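> The structure's right below; bear with me while I get my questions together.
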Amino acid sequence: MNYLNEIPEKDNRATQHIDAKIEKRDIPVAIGELMGKDDRFVMIGGHADTTYVSPGAVDNTAGVATVMEIARQLAPYKDDLKHTIKFAAWSGEEEGLFGSTLYVDAHREEINTSLIAYLNLDMNHINLARGVGCSINSNNNETLSVFENITAFVKASNPDFEKYQIGFGYWEGLTSSDQAPFAKMGKDFACFWGSGCTEYHTPHDTLEFVTPESLAFSGMIYGSYALYLAADLGAGRKS
Numbered sequence: 036m037n038y039l040n041e042i043p044e045k046d047n048r049a050t051q052h053i054d055a056k057i058e059k060r061d062i063p064v065a066i067g068e069l070m071g072k073d074d075r076f077v078m079i080g081g082h083a084d085t086t087y088v089s090p091g092a093v094d095n096t097a098g099v100a101t102v103m104e105i106a107r108q109l110a111p112y113k114d115d116l117k118h119t120i121k122f123a124a125w126s127g128e129e130e131g132l133f134g135s136t137l138y139v140d141a142h143r144e145e146i147n148t149s150l151i152a153y154l155n156l157d158m159n160h161i162n163l164a165r166g167v168g169c170s171i172n173s174n175n176n177e178t179l180s181v182f183e184n185i186t187a188f189v190k191a192s193n194p195d196f197e198k199y200q201i202g203f204g205y206w207e208g209l210t211s212s213d214q215a216p217f218a219k220m221g222k223d224f225a226c227f228w229g230s231g232c233t234e235y236h237t238p239h240d241t242l243e244f245v246t247p248e249s250l251a252f253s254g255m256i257y258g259s260y261a262l263y264l265a266a267d268l269g270a271g272r273k274s
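In short: position in the sequence shown from 1, add 35, done, that's our numbering.
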């Protein structure tokens, strides 16, 4: 007997009523600076928030930890900087890129006239048990070329990093992470992506899936590029 035939021909869809409170809140955006000799600046950032169910080790404690370590490592070079380097820990990325978008809206004139490039770190770890691949994407082919040269130097100076396979690709970057509001302004950006994490946005996104050495790899590449720009080693650059 097919019991489906006994279902009356009418709308039997279930309905659900949800009582939710939605309110506006201020969200924190932490900004640090290594002051250069002029007002032009490079910015390195990553989002500090995670989803409500997740510890967020890979997404994105890895990125923010790398931003902070780059700041610490570059601090001794502050007297050599022609341009300022800013470091950002964004909030509200998971809900809609709110922190970075609101920051860009509030500092639009400064960004338009003085930002050299924005460098984003989001899930930049590489899990060796699952693969050794990572990538850097940018909306500027000149940027990608410089990153290729820096990566080759970092690997040559640190043989343990040779195992990491890194690809470089052009990307407009108008979605997905905190580079988007900068890209929409037409500003140069770069994004470092790691090998991914199937546990992200779940309670299982824990430190056991993070390879600290891989964070050092991405940090050395990004830190070197930031210093290259801020010390004006790339003089003649169009951005």
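Where a beta carbon is used, it is the ideal one built from N, C-alpha and C, also for glycine.
Source: prediction; values computed, not measured.
If you count every other CB in all the chains shown that lies within 10 Å of the CB of Y153, and 16 or more means buried, which is it?
To locate residue 153, count along the sequence shown from 1; it is residue 118. Using a 10 angstroms sphere on the CB of Y153, the tally of other CB atoms reaches 16 or more, which defines it as buried.
> Over the uninterrupted alpha helix (DSSP H) stretch that includes Q51, give me the two end residues.
Counting from one through the sequence shown, the residue named residue 51 turns up at place 16. Unbroken run through Q51: none, as it is neither H nor E.
> Cβ of T186 within 9 Å of Cβ of I171?
The residue labelled residue 186 in the question sits at position 151 within the sequence shown. The residue labelled residue 171 in the question sits at position 136 within the sequence shown. For T186 and I171, yes; Cβs fall inside 9 Å.
> Does the Cβ of I18 have 16 or more other Cβ atoms within 10 Å, making it buried, or fewer, making it exposed?
Limits of the chain in this structure are 36 at one end and 274 at the other, which puts residue 18 out of reach.
> Give every residue of the same chain whose Cβ lies closer than 8 Å to the Cβ of F133, excluding the five residues on either side of it in the sequence, and list them in chain order.
Working through the sequence shown from its first residue, we reach residue 133 at position 98. Excluding residues within five positions, the ones whose Cβ falls inside 8 Å are I62, S126 and G127.
> For L262, name the three-state secondary structure that DSSP assigns.
As a first step, residue 262 is located in the sequence shown; it is residue number 227 there, counting from the start. Reduced to three states, the DSSP call for L262 is helix.
> Report all residues from its chain with a CB closer than 8 Å to the CB of M158; omit the five preceding and five following residues, and keep chain order.
Here residue 158 refers to the residue found at position 123 when the sequence shown is read from its first residue. Cβ within range, chain order: V93, D94, N95, A97, G98, W228, G229, G231, C232 and Y235.
> Starting from Q108, trace the alpha helix (DSSP H) in both directions and tell me its first and last residue.
For this step, residue 108 is matched to residue 73 along the sequence shown. Element bounds for Q108: A97 to L109.
> Report the residue from A191, E243, G204 and A141 whose alpha carbon sits nearest the alpha carbon of R165.
For the purposes of this step, residue 165 is taken as the residue at position 130 of the sequence shown. It is E243 whose Cα lies nearest to the Cα of R165.
> Determine whether the beta carbon atoms of A123 and G168 lie at a separation below 9 Å.
Here residue 123 is taken as the residue at index 88 of the sequence shown, counted from 1. Here residue 168 is taken as the residue at index 133 of the sequence shown, counted from 1. No, they are not a contact pair.
> As a quick exercise: from I151, E248, E130 and R60, pick the residue whose alpha carbon is nearest that of G221.
Within the sequence shown, the letter at position 186 stands for residue 221. With distances taken between Cα atoms, G221 lies closest to I151.
> Compare the C-beta of A265 with all C-beta atoms of chain D and state if any pair is closer than 9 Å.
The structure shown contains no chain D; it holds only a single protein chain.
> By the three-class DSSP mapping on this structure, what secondary structure does I161 have?
Sequence index remark: in the sequence shown, residue 161 carries index 126 (1-based). In the structure shown, I161 sits in coil (DSSP, three-state: anything other than H, G, I, E or B).
> Please confirm if the region 111 to 122 is in contact with the region 258 to 269, defined as three or more CB-CB distances below 8 Å between the two stretches.
yes
> Taking the straight line between their C-alpha atoms, what separation do you get for T101 and G91?
Translated into positions along the sequence shown, residue 101 becomes position 66. Translated into positions along the sequence shown, residue 91 becomes position 56. Going from the Cα of T101 to the Cα of G91 covers about 14 Å.
> Check the C-beta distance from G202 over to C226 and give it rounded, since I have them as a contact under 8 Å.
Looking up residue 202 in the sequence shown gives position 167. Looking up residue 226 in the sequence shown gives position 191. Actually they do not touch by this definition, with Cβ atoms about 12 Å apart.
> What's the gap between the Cα of E129 and the Cα of S211?
The residue given as residue 129 occupies position 94 in the sequence shown. The residue given as residue 211 occupies position 176 in the sequence shown. So the two alpha carbons sit approximately 10 Å from each other.
> Have a look at G271 and E177 and give me their C-alpha separation to the nearest angstrom.
What you label residue 271 is simply residue 236 of the sequence shown in a count that begins at 1. What you label residue 177 is simply residue 142 of the sequence shown in a count that begins at 1. Only weak support exists for where G271 lies, its pLDDT of 49 falling under 50; the value from the coordinates is given anyway. So the alpha carbons of these two residues sit roughly 12 Å apart.
> Output yes or no for whether 9 Å exceeds the beta carbon distance between Y199 and S259.
What you label residue 199 is simply residue 164 of the sequence shown in a count that begins at 1. What you label residue 259 is simply residue 224 of the sequence shown in a count that begins at 1. Cβ atoms of Y199 and S259: not closer than 9 Å.
> Take M70 and list the residues in its own chain whose beta-carbon comes closer than 6 Å to its own, dropping the five residues that flank it on each side.
Start at 1 with the first residue of the sequence shown, and residue 70 comes out as number 35. Within the same chain, M70 has close Cβ partners T119.
> Of the residues H142, I53 and E183, which one's Cα is nearest the Cα of M255?
Along the sequence shown, one-based indexing puts residue 255 at 220. Nearest of H142, I53 and E183 to M255, Cα basis: E183.
> I need the DSSP call for G271, collapsed to helix, strand or coil.
Along the sequence shown, read from residue 1 onward, the residue named residue 271 stands at position 236. Low confidence applies here, because G271 scores a pLDDT of 49, under 50, leaving its location unreliable; read the following figure in that light. It is coil, neither helix nor strand.
> Can V189 and F252 be called in contact, C-beta distance under 9 Å?
The count along the sequence shown starts at 1 and reaches residue 189 at position 154. The count along the sequence shown starts at 1 and reaches residue 252 at position 217. In contact: V189 and F252 (Cβ atoms closer than 9 Å).
> Enumerated in chain order, which unbroken segments of the alpha helix (DSSP H) with a length of 4 residues or greater are wholly contained in the region 109 to 181?
128 to 131, 133 to 141 and 143 to 149
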